[in-house]
Structures are given as structure tokens and as C-alpha cells.
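First residue of the sequence shown: 979, per this note's numbering; consecutive thereafter.
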Amino acid sequence: MPKTKKRSVDSSNVRIYSPVNDYYVGSLFSLVVSKSLTDDAAIIESESDNEESEMEEGFQLDLPDFDSCVGDVLEDDEDWKKFFKSTSENKELVTELKKNLTESKLKISEDMSQYTGSIIGDLDEVRGFESLNELPEELRDHLNLLIDVLRSYRSGPLPKTIKMLPHLEGWDSLLEMLKPLEWSVHVYPRIVKVFASKGHEPANHFFESYLLPKVKQDIEENKRLCVHLYEALIASMFRPEEFVSGVYLPWVQSEISKTEGVILSNLIKRATLKSRFAAVALALTLEEDFSIPRSMVIETFLTKKYHLPEAAVQRIIDYFISFDKDCTVYFTDEKRMPLTWFKSLLVFLEFYRHCVNPSQREKLLKLCRRHEHPQITSEIRSLLGTISPN
């Protein structure tokens, strides 16, 4: 390692620092500065003496009297003690205020009962009646008023009777008397949430008997589904078990049009159903007769890549193998199976081909020879080729 060359320092040029030197230099600097400042201040003071002498004649500082200040402070203390007393002294006042508030609330609720429909005690007696005309006059007028309100409902809070409806003993009879199919579509998202919060039998009954018929009625009349009923269907998914048993299965098992199939497929795509509910819904759909709308729903279920149990996967395989026969009744104008059927088989093999055994593989290859699609069948065969034949 090369050695660095040392510099020779001249001792005459070295300044020795010491506290004494620092004090001396600092004192000298402060003396010079203070002298210059003193000279400047003297000049400024001489110039301002005349101005101050002129101002003193016309200006006097008006200071408040000390005794008056003390008096104001004492008055403030008295006001403070008057409005901010100790907690023990305010107990009686707080109790009296609470009592007055409670009485006011009761009085307001009694006065507003005729507008909010809060005659819940009388509604418990509806179970013994089968029609609206058999009810007492007061109760009948109340229900007629509710029907009129729900027919013309657009927005705002629901009547109190409707909110309490699922919790009453005669809720099913009362619901039938209120004629839900005549209600406006705007009320359905809110009333579905009311029944979904109750769950079980009330929710299942309302979904199957009123929500689904209202949806099918709207689609048939307008050739589409209004946004309010679609929101009601989304709200019904809050109870997946009741949704599957009250909405999905009755819908799939009935005569379903292509428009309904598109809407139901979109609904399933947006749904967050658990795997067990999805497996049951898919397995029961496979038992229905083939149709394009049902095939669209099956394709949507398979696209969501649920973790299905082995029994459900084997039922799907048997479903596709069952088409190895004369299916001309299902053919489209192109003399082959609908496009959605081929896409369903392709999607199934993409996600679940590891569950296909060799014998099922041979049956699916035979199925491809019977039903061919110019673009999709080649992809299906390539996926089947990845399955071991042994």
C-alpha cells in the first residue's frame, strides 16, 4: 500500500485557539457592533423625539379600572355556577326530562298509528278468516288502505304493518288478502328484504308464490325484466337455501323461455352461492328435459368452477353420455345440437376432466363422433386426449 506524503506545516501560520482568545475576539466584535448600533439609535431617537412630543399631547392610554374588572369576573363566576351545577343537583332534572320525553314519544306514536298502520294486535286474528270481507270493518278498511298504498308505491319507507307481516301468526292469510301480485314493482326489493330477514318458511313461501310469478309476469308482458324485480331477485340470494328452493328450482322446472334463461343465467353468474347449494341446483337441473334455456344455466354453473362433490360430477358425466342417441328433436336449423350444449361439454372438460375415468372417456369420444361442431368438437377431442386411456 503506497504511503501518503506528509505535509509540513509552518508553526508560524498555526493559530492557537483557546477560551481566552475566543472571549477576547467576541468582546471586541460586540463592542464594535454595539457602538455602531448606539450611534444609529441616537440618530433615530433624535428624529423621533419631536414626533413623540407631538403625539403625547393628543393621545392618552385609557386603561380600565381594576375594580371594575374584578366585578366582571365575579359576575361570570355566578353565571358559571348557575348553568353548570354539580351532577348530584341535576339528577332530579334529568329524571324529569326523560319522563317528559317518554310521554311525548308515546303520544306521537298514538297520533301517528293511523298513518303507519300500527294495529298489530288486531292483525293476529286474521288466521281464522279466509277472505277480506269476513274481517271486522276497521281491520278491513285498514287492509284496503294498505293495498292502495302498495299499488301506487314508488319510494320511501314501507308501512309498519308490512314490516311486521312475517312475524305475525296469520302472515300467510294476511299476505294473500293483500294481493301482492297487484303491488307495484318498486315495492318488491324492499318487501323481499323483509321476508329474507325472517327466512325459512315465510321467505320460501313469498319467493315461490309471489316473487317468481311477478317476475315471469313482467317478462311475459314487457319481453324483459325491469330493474326493480331484478334487484328483488338479487336480494333473495341473501337466503341461498330459500332462493334455490323458492326461486331457482320452480323456475327451472317450469316452462322457461329463452329470455328467462338469459336472465336466470345472468343471475347465477352474479350469485355467490355456496358449493353445496350450487351442486344441488345443478344436479336437479340435469334431471329436467333438455332445452336451450336450461342448457344455458348449466353452462353458467360449470363456468363458475365450483368445487363440486364427486357424486355431482358423475351425474354431469352421465348427463352428457345420455345424448349418445338420436337427438334430432333437439337439433337446430344447422341439423346439430345447440351451441350452448357443445360449450357446456367443453367447459366441463376444461375444469373437471381429471374426474373422468377411462371407460367414460371412451363413451365421450363416441359421443363426439355422433354430435360434431365445426369449431368446438376438435377442442373437446384434444381435452379428452389428455386423459389417460388406462
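Beta carbons: idealized from backbone N, C-alpha and C, even for Gly. Fair warning: this is a prediction, and the values are worked out from it, not measured in the lab.
If you count every other CB in all the chains shown that lies within 10 Å of the CB of residue 1347, and 16 or more means buried, which is it? exposed
Close beta carbons around residue 1291, own chain, < 7 angstroms, minus the five adjacent residues each side: 1330, 1333
So, under 8 angstroms CB-CB, residue 1131 and residue 1164 are touching, yes? Tell me the CB distance rounded to an integer number of Å. 6 angstroms
Exposure of residue 1182, with buried meaning 16 or more beta-carbon neighbours within 10 Å: buried
Ignore the nearest five residues each way along the sequence and tell me which others in residue 1210's own chain have a CB closer than 7 angstroms to its CB. 1166, 1167, 1170, 1189
Please identify the residue among 1287, 1176, 1277 whose C-alpha is closest to the C-alpha of residue 1252. 1287
What is the DSSP secondary structure of residue 1304, reduced to helix, strand or coil? coil
How far does the alpha helix (DSSP H) with residue 1346 in it reach, from first residue to last? 1336-1348
Between residue 1354 and residue 1327, how many whole angstroms is the CB-CB distance? I'm expecting something under 8 angstroms. With 8 angstroms as the limit, residue 1354 and residue 1327 do not qualify as a contact, their Cβ atoms being about 11 angstroms apart.
Cα separation between residue 1245 and residue 1078? 52 angstroms
Below 8 angstroms between beta carbons: does that hold for residue 1144 and residue 1176? yes
Is residue 1202 closer than 8 angstroms to residue 1174 when the C-beta atoms are compared? no
Would you identify the three-state DSSP class for residue 1082, choosing helix, strand or coil? helix
I'd like the span of the alpha helix (DSSP H) that includes residue 1294, first residue to last. 1288-1299
Figure out for me which residue from 1304, 1123, 1260 has the closest Cα to the Cα of residue 1280. 1260
Suppose contacts are defined by Cβ-Cβ distances below 8 angstroms. Is residue 1274 in contact with residue 1318 by that definition? yes
Tell me the rounded alpha-carbon separation between residue 1205 and residue 1185. 17 angstroms
To the nearest angstrom, how far is the alpha carbon of residue 1243 from that of residue 1150? 31 angstroms
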